[in-house]
Structures are given as structure tokens and as C-alpha cells.
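S.K.: Let me give you the structure first, and then I'll get to my questions.
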Amino acid sequence: MLRPICVIQVSTPAGKPGQRRATPSVMPMKKTLLFTFAFIVGFSARAATPPNIVLIFSDDHAYQAISAYGDARKLIETPNIDRLARQGMRFDRCLVTNSICGPSRATILTGKYNHLNGFVNNTNTQFDGSQPTFPQILQKAGYQTAMIGKWHLNSDPTGFDFWQILPGQGIYYNPPMIRMGKTVATKGYVTDIVGDLSLEWLKNRDKTKPFLLMSQHKAPHREWSPALRHLDFDGDRVYPEPSTLFDTYVGRGAAERDQDMTIEKTFTDLDAKLVAPPGLSPEQRTAWDAYYEPRNAKFRAAKLTGPDLLRWRYQRYLHDYLATVKALDENVGRVLDYLDKEGLAENTVVIYASDQGFYLGEHGWFDKRWIFEESVRTPLIVRWPGVTKPGTATAALVSNLDFAETFLDAAGLPQPADMQGRSLKPLLAGQTPTDWRTAFYYQYFEYPTPHRVRPHYGVITDRFKLVRFEGVGEDYWELFDLARDPNEMKSVYGESSYADITAELKQQLTRLRRELKVPEVIPASWYGNPPGTAKGAKQKAKAASAEKKP
Ligand code: CA
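Take a look at the structure:
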């Protein structure tokens, strides 16, 4: 296959402009422009092509809902995502720095934690698109770049030759979109539209340049509205329940008890499809009613309460969520088919990932946010012909923090020294470096809305998780031993047999916070703007109005 070319950096040491020397593996951002020149000259001279990069990215896609990850409940078959896994590498422990939508996206773009890239929560922050991001660097180096679908950073994308995004969260049916700054109407189902636009851009791209395509889906985000063709996809299957569906949070602290994200208490009529979602045309509404109404009538007549009501909601939730995954998987297949048909697959790195994990009823929850496993672990599958051995997997601790540097490395470009992740290329080539990270730092800020999960931070290793809840209510520690307690049901913090490991983890946490430049004190504004405050109301109105246009 064609590989990224070797280049010569035009170095500028003080007083000696233009002096040439060999390229180091890491180079500060200020050299990038000169480097870019060298890169372009280099690749036209050698007629070699750096690999294309296709990031197919979803929102809230739990690894439990990808068959390649092998969940015990066998919830769904995802043949197209599995096809990528068969042809590439599956990452079994890809951890996000902050388990919510916008902050994860900001980390991916910048290769930095949210306390440095500024996008700390979904509520009152706007992404500063003037800071360096990997798409900007690729674009300057000669890549043709496109961003299609869910952006969710309260700003216009930067670093893209073409962009068409959903405003805010976007809606599932006939969603308004923003195309290069102008609001446009669309018809159809959002996942198919993102697939269509991605293919249209691929077909019409400048075929003389390598490309970056970010194809970013809304699905399977709440309120989990299926494509109409998938309404009856599971034939009213009864899904196995997770063992922790009726969790009472004994053995853990106030934060776990105080949250507002249970299927029992937080689930709305919209979540349960007892009312219709926005955007349906009259014809679509008829098809929607034909599926849901008879089932809803039966539910209303049954007047379920207590555990029976929770069980019914769990079944409805799984049906809807998994149906949105069906359309997602189909659209992954369409992009893979196009790359095959055009002969592009051999020189294209394809990445499938979600912005974080998600609860599918574990602990009685939906949503994410926590440092706990179903939330913090996101699916990551990478196909890179010629580099990655097909059908491989790794349990190395990797992160969405590493994506930017991986993409730059794939393009043969240097990685800015202030990015905080590390290229995954050695792992993809089957060689985990001996100094690869063994401890990972996590931090979550957004509180109290929308789900009253208290701010917390912590350190994660292959076996342990030390968590500090701080800033809201009582401050306290928790420690989980994943080898003995994989479902994270009982904190062992303070138990004498864990004293040594606790001390060691606290040292790791202090080291990571220092190295990652985490501020000691978190400004109150980083929690977001609660409803009832002027800023909170303004933000909510702005988001609602954006979704209704045009
Ligand atoms: Ca998300």
C-alpha cells in the first residue's frame, strides 16, 4: 500500500532562518506552517499519497450494542461495524476524558483535556475554533476536509473545506441543518441523511488530494427514534435484563443515590414514545402510529406500577435504542462499500467510535457522565490496511485524547508538543510501547442539570478506579476493584487490605493532575448554568429555537 511520505522540515532556529535538518518526531506548533510547505512540496515531488482518514462517529453508542464487543445479553447484530473489527483492531478499553457529548468532541479535535480546550460542559460553553485542531492541521497540510452531521459545540466548525451540521442536538426526522453557515431543510431520517451527505461529498471531492471525512451521526442519542423501516425490526423480542437493573446504590455514596438518570424516575413520555417525537411528516406520523399506538394502548390499559413499569420501560428503551443502531450500522456499511468500490479502502484509515459509552439499563440507568465503566468506555475500532493486522484486539488504556495525534501521525505530520494524548499507531501496528500509560485521568463537571450527577474526578488503571467527588455536597472518595467487582457495586475505600493500593493511586492521581495542568480549584461556572438563572434560560431558549428552524 501507499504510505505517508518522509519529509524534510525547514527548521528555524534563532538567527538561522531556512536551515534544513531532519524531521524530529515531535515539533512545536509554531513550526507547522513551514513544515506544511515542506510536506506539500515533498508529496508532490514523490507522487506518494498519505492515507485518507474517515472517522465515522456516533453519539452515545454503548459498546454493549455492538456485536463485535460480545455483550452477554446479545442485544443486536451489527454486521458492518463488525466487518471493520474483522478487518482491523478493536480497542477494549478506550476511555473518554469527560463522558458527555461536547466535551468529548472538543477533546478529540484538540487532543487536550477540557480544562485546557475550554469546553468543560454542554450547558454554557462554546468551542473556541481558533485554537489548533487536527482538522485545521490536516487542511493546512493539503488534506481536503469535511465535517458532516452532529457537531454540538455551539460554534461554526473550523478547519473544514465543507461542513453541514445539525444545530445543537438535531432531530431524527426531516432535520434542519446548517450548510456552510446557512440553514437548510432536509427530508428523511437523520442517520440516512448523514450517510447520503457523506457519500455525496466523497463522490464530488477533489480526487487529487488526500481527504479527511468526519461523518458524525446523531444516533443513537436520546430520544432514540428509529427509522420507520426499523420499527418492527426485532419482532417484539423480550430483551434480557442486566443484573443491576434494580440497583439500590447500597455500598456507594450520596452521588450515586442523588442522580437523576434512572429509567424508573427520569424517563419521560417522549423517551417511552408515549408521545410522538418532533419532525414527522403526516405520512410518517401515520406509519409511526401504526407501530406504537396498539402497543401504547395495551400499556395504558395495563396500568403498570413499580418493578413492572420499570421492566416495561426497559423493554421499550432497548427496542428504540437498538433500532437506531440498526440504521447506524447500515450507514457504516454504505461508506465501507463505497471505499471498496472506488478502490480507496487500501489507502484509507477508517475509525469507528462514539463520543462516550452509555447505560443500557445497568444500575437502572440510561445516560452516561460517570467515571464508571459503561459510561467512560467508548467503542473504538480502527481499520488501517498495511499497518493493522486484521481481527486483532487490545486492552491497552487508550483514549479519545489520543485520536488527534493518531490522525496527524497517520498523515505523516508532527504532533504539537502541547497535545496531551499519544499516537495509537504503534498499538495499531501490534507493538504496545513499554512506556504506554497504565493510569488514566478522568474529570466530569456538569451539574446539576440535566442529570444531577455530581462533579468528580479520578484515576483508572487496568484493575482499579479511585474516585473523588468534590465541590458539591460532601466531598468523599470511592475505590473500586474491577477484578472482584466488575459491576462497581461496592466501594472498598478505607478497607485496610486496600490501604497500599489506595496510597499508590493517590500518588498517581497527584502526578497526573500536575502533568495534565489540572487547576486545583474549579470555577463554579464550569458546572454549567442551572435552569432558573438568566444564563440558563437564555441557553435553553437558544437551543430550542435552533432545532425548530427553518
Ligand atoms: Ca454523547
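Here my numbering runs 1 ahead of the position in the sequence shown, where the first position is 1. Ideal placement from N, C-alpha and C gives every residue a C-beta, glycine not left out. It should be emphasised that the depicted structure is a prediction, and the values quoted were computed from it without experimental measurement.
Quick one: what's got a C-beta closer than 8 angstroms to D235's C-beta in the same chain, skipping five residues either side?
M.R.: Cβ within range, chain order: H320, L323, A324.
S.K.: So, for G196: in the same chain, excluding its five sequence neighbours on each side, which residues have a beta-carbon less than 6 angstroms away from its beta-carbon?
M.R.: Cβ neighbours of G196 beyond the five flanking positions: N332, R335.
S.K.: Report, in whole angstroms, the separation of the C-beta atoms of I172 and P279, which I expect to be a contact under 8 angstroms.
M.R.: Confirmed, about 5 angstroms.
S.K.: Counting only runs that start and end within the segment 89-133, where is the alpha helix (DSSP H) found for 4 or more residues in a row?
M.R.: Counting whole runs of 4 or more residues, the segment 89-133 contains the alpha helix (DSSP H) stretches 102-111, 115-118.
S.K.: If we ignore side chains and look at the alpha-carbon of each, how far apart do D1 and D270 end up?
M.R.: Past the edges of the chain, shown from 2 to 551, lies residue 1, and the structure says nothing about it.
S.K.: Looking only at C-alpha atoms, which of T395, L510, A298, K219 sits nearest to P177?
M.R.: The option with the nearest alpha carbon to P177 is K219.
S.K.: Can you tell me whether K518 is helix, strand or coil according to DSSP?
M.R.: Residue state, collapsed to three classes: coil.
S.K.: Can you find a heavy atom of ligand 1 that lies under 7 angstroms from the Cβ of Q357?
M.R.: True, at least one ligand heavy atom lies under 7 angstroms from that Cβ.
S.K.: Just to check, is the beta-carbon of D60 closer than 7 angstroms to a non-hydrogen atom of ligand 1?
M.R.: Yes, Cβ of D60 sits closer than 7 angstroms to a heavy atom of ligand 1.
S.K.: With H, G and I counted as helix, E and B as strand and the rest as coil, what does DSSP make of E265?
M.R.: Here E265 sits in coil by DSSP.
S.K.: Can you have a look at N1 and say buried or exposed, based on whether 16 or more other CB atoms are within 10 angstroms of its CB?
M.R.: Any answer about residue 1 is impossible in this case: the structure gives the chain only from 2 up to 551.
S.K.: Measuring only the C-alpha atoms, how far is E496 from H364?
M.R.: Distance between the alpha carbons of E496 and H364: 24 angstroms.
S.K.: Would you say the beta carbon of C102 comes nearer than 7 angstroms to a heavy atom of ligand 1?
M.R.: Under cutoff, so the answer is yes.
S.K.: Could you spell out the range, first to last residue, of the alpha helix (DSSP H) harbouring V460?
M.R.: Where V460 is concerned, there is no enclosing alpha helix (DSSP H), although the beta strand (DSSP E) it sits in stretches over 457-461.
S.K.: Taking 8 angstroms as the limit between beta carbons, can you name the residues of its chain near N99, skipping five residues before and five after?
M.R.: Result list for N99: S105, T108, Y114, N115, V121, Y443, Q444, Y445, F446, in chain order.
S.K.: Candidates G387, P386, G307, G362: which alpha carbon is nearest S376's?
M.R.: Comparing Cα-Cα distances from S376 to each of G387, P386, G307, G362, the minimum goes to G362.
S.K.: Use the C-beta contact count for K266: other C-beta atoms within 10 angstroms, 16 or more gives buried, fewer gives exposed.
M.R.: Exposed, since its Cβ has fewer than 16 Cβ neighbours within 10 Å.
S.K.: Give the single residue among H222, L214, L517, K274 whose Cα lies nearest to the Cα of L232.
M.R.: The shortest Cα separation from L232 among H222, L214, L517, K274 belongs to K274.
S.K.: Alpha carbons only, please: which of R87, H62, R91, D162 is nearest the one belonging to I77?
M.R.: If we check each option's Cα against that of I77, H62 comes out closest.
S.K.: Would you call the segment 130-149 and the segment 394-414 touching, i.e. three or more CB-CB distances under 8 angstroms?
M.R.: Yes, the segment 130-149 is in contact with the segment 394-414.
S.K.: By DSSP's criteria, E479 is part of a beta bridge. Which residues make up the other side?
M.R.: Answer is V468.
S.K.: Between the segment 142-160 and the segment 206-216, can you find at least three pairs of beta-carbon atoms closer than 8 angstroms?
M.R.: Taking 8 angstroms as the limit for Cβ pairs, the verdict is that the segment 142-160 does touch the segment 206-216.
S.K.: Indicate the three-state DSSP secondary structure (helix, strand or coil) for R378 in the structure shown.
M.R.: Looking at R378 - three-state DSSP - the assignment turns out to be strand.
S.K.: Considering only DSSP beta bridges, list what N53 is partnered with.
M.R.: In DSSP, N53 forms a bridge with T349.
S.K.: Starting from R180, follow the beta strand (DSSP E) in both directions and report where the run begins and ends.
M.R.: 178-180 is the extent of the beta strand (DSSP E) around R180.
S.K.: In angstroms with no decimal places, state the Cα-to-Cα distance between A228 and D290.
M.R.: Taking the straight line joining both Cα atoms gives about 13 angstroms.
S.K.: Taking only three categories from DSSP, how would you classify A354?
M.R.: Looking at A354 - three-state DSSP - the assignment turns out to be strand.
S.K.: Is it the case that the CB of H222 approaches a heavy atom of ligand 1 more closely than 7 angstroms?
M.R.: H222: yes, Cβ under 7 angstroms from ligand 1.
S.K.: Output needed for S483: all residues of its chain with C-beta closer than 6 angstroms, excluding positions within five of it in sequence on either side, in chain order.
M.R.: First, the amino acid is wrong: residue 483 is Leu here, not Ser. Same-chain partners within the cutoff: R464.
S.K.: Can you give the beta carbon distance from D403 to G387, rounded, assuming they're within the 8 angstroms contact cut?
M.R.: Incorrect: roughly 20 angstroms between the Cβ atoms, too far for contact.
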